[in-house]
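Numbering (mature numbering (1 follows the signal peptide of the UniProt record, and there is no 0)), first residue to last: -19 to -1, 1 to 77. One structure is given below, encoded as C-alpha coordinates.
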Amino acid sequence: MKMMMMMMMMMIMMIMIDDDDDDDDDDDETVAMMMMSVVVVMMVMILMIIVMMMMIMMMMMRRKQRMKMSQHNNALAIGIDLQRFQFLEFHHQIGA
(Lines of atoms letter the chains of each structure in order from A and count residues from 1; the text may use other names and numbers.)
(Lines give C-alpha, C1' and ligand atoms only; values in the text may rest on other atoms or scores of the structure.)
Protein backbone atom coordinates (compact mmCIF):
# COMPACT_ATOMS: atom_id res chain seq x y z
CA MET A 1 0.00 0.00 0.00
CA LYS A 2 2.74 2.45 0.99
CA MET A 3 4.61 1.59 -2.21
CA MET A 4 1.51 2.36 -4.28
CA MET A 5 1.03 5.68 -2.50
CA MET A 6 4.69 6.57 -3.09
CA MET A 7 4.34 5.69 -6.78
CA MET A 8 1.25 7.89 -7.06
CA MET A 9 3.04 10.81 -5.39
CA MET A 10 6.02 10.34 -7.72
CA MET A 11 3.75 10.33 -10.77
CA ILE A 12 1.99 13.50 -9.63
CA MET A 13 5.34 15.20 -8.91
CA MET A 14 6.63 14.21 -12.37
CA ILE A 15 3.52 15.64 -14.03
CA MET A 16 3.88 18.86 -11.99
CA ILE A 17 7.53 19.24 -13.01
CA ASP A 18 6.54 18.61 -16.66
CA ASP A 19 3.91 21.34 -16.34
CA ASP A 20 6.52 23.86 -15.20
CA ASP A 21 8.81 23.06 -18.13
CA ASP A 22 6.07 23.44 -20.76
CA ASP A 23 4.93 26.71 -22.30
CA ASP A 24 1.78 28.12 -20.71
CA ASP A 25 -0.43 27.75 -23.83
CA ASP A 26 -1.92 24.27 -23.13
CA ASP A 27 -2.22 24.61 -19.34
CA ASP A 28 -5.83 23.48 -19.05
CA GLU A 29 -5.17 20.32 -21.11
CA THR A 30 -2.21 19.29 -18.96
CA VAL A 31 -4.24 19.86 -15.76
CA ALA A 32 -7.09 17.78 -17.21
CA MET A 33 -4.62 15.05 -18.18
CA MET A 34 -3.12 15.08 -14.69
CA MET A 35 -6.57 14.81 -13.11
CA MET A 36 -7.47 11.95 -15.47
CA SER A 37 -4.24 10.10 -14.74
CA VAL A 38 -4.78 10.52 -10.98
CA VAL A 39 -8.38 9.26 -11.31
CA VAL A 40 -7.22 6.27 -13.39
CA VAL A 41 -4.49 5.45 -10.85
CA MET A 42 -7.04 5.68 -8.02
CA MET A 43 -9.45 3.41 -9.91
CA VAL A 44 -6.69 0.85 -10.54
CA MET A 45 -5.64 0.98 -6.88
CA ILE A 46 -9.23 0.44 -5.72
CA LEU A 47 -9.61 -2.47 -8.14
CA MET A 48 -6.34 -4.02 -6.94
CA ILE A 49 -7.43 -3.65 -3.30
CA ILE A 50 -10.81 -5.28 -4.07
CA VAL A 51 -9.10 -8.14 -5.90
CA MET A 52 -6.66 -8.66 -3.02
CA MET A 53 -9.53 -8.68 -0.50
CA MET A 54 -11.39 -11.24 -2.64
CA MET A 55 -8.26 -13.42 -2.84
CA ILE A 56 -7.73 -13.24 0.93
CA MET A 57 -11.39 -14.09 1.56
CA MET A 58 -11.16 -17.07 -0.80
CA MET A 59 -7.98 -18.29 0.92
CA MET A 60 -9.60 -17.98 4.36
CA MET A 61 -12.73 -19.82 3.21
CA ARG A 62 -10.64 -22.64 1.70
CA ARG A 63 -8.53 -22.92 4.84
CA LYS A 64 -11.66 -23.02 7.03
CA GLN A 65 -13.21 -25.69 4.80
CA ARG A 66 -10.00 -27.74 4.84
CA MET A 67 -9.76 -27.45 8.63
CA LYS A 68 -13.38 -28.56 8.99
CA MET A 69 -12.80 -31.48 6.63
CA SER A 70 -9.63 -32.61 8.43
CA GLN A 71 -11.37 -32.41 11.82
CA HIS A 72 -14.30 -34.41 10.44
CA ASN A 73 -11.96 -37.05 8.99
CA ASN A 74 -9.98 -37.26 12.24
CA ALA A 75 -13.20 -37.73 14.23
CA LEU A 76 -14.31 -40.49 11.84
CA ALA A 77 -10.93 -42.21 12.04
CA ILE A 78 -10.93 -42.04 15.85
CA GLY A 79 -14.48 -43.42 15.92
CA ILE A 80 -13.50 -46.34 13.67
CA ASP A 81 -10.41 -47.04 15.77
CA LEU A 82 -12.50 -47.06 18.96
CA GLN A 83 -15.02 -49.44 17.39
CA ARG A 84 -12.24 -51.76 16.21
CA PHE A 85 -10.61 -51.65 19.65
CA GLN A 86 -13.91 -52.49 21.39
CA PHE A 87 -14.57 -55.27 18.87
CA LEU A 88 -11.11 -56.80 19.46
CA GLU A 89 -11.49 -56.48 23.23
CA PHE A 90 -14.90 -58.15 23.06
CA HIS A 91 -13.48 -61.08 21.08
CA HIS A 92 -10.58 -61.37 23.47
CA GLN A 93 -13.01 -61.61 26.40
CA ILE A 94 -15.00 -64.34 24.61
CA GLY A 95 -11.76 -66.22 23.87
CA ALA A 96 -10.75 -66.04 27.54
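Using N, Cα and C, we set each Cβ at its ideal position, and we do this for glycine too.
In this structure, V22 lies near M(-12), with their beta-carbon atoms less than 7 Å apart. Here the C-alpha atom of A13 lies approximately 46 Å from the C-alpha atom of R44.
Separation of M41 and M16 (C-alpha to C-alpha, rounded to the nearest whole angstrom) is 37 Å. Taken atom to atom, the span from the alpha-carbon of L28 to that of Q46 is near 27 Å. Here the alpha carbons of M24 and V32 stand approximately 12 Å from one another.
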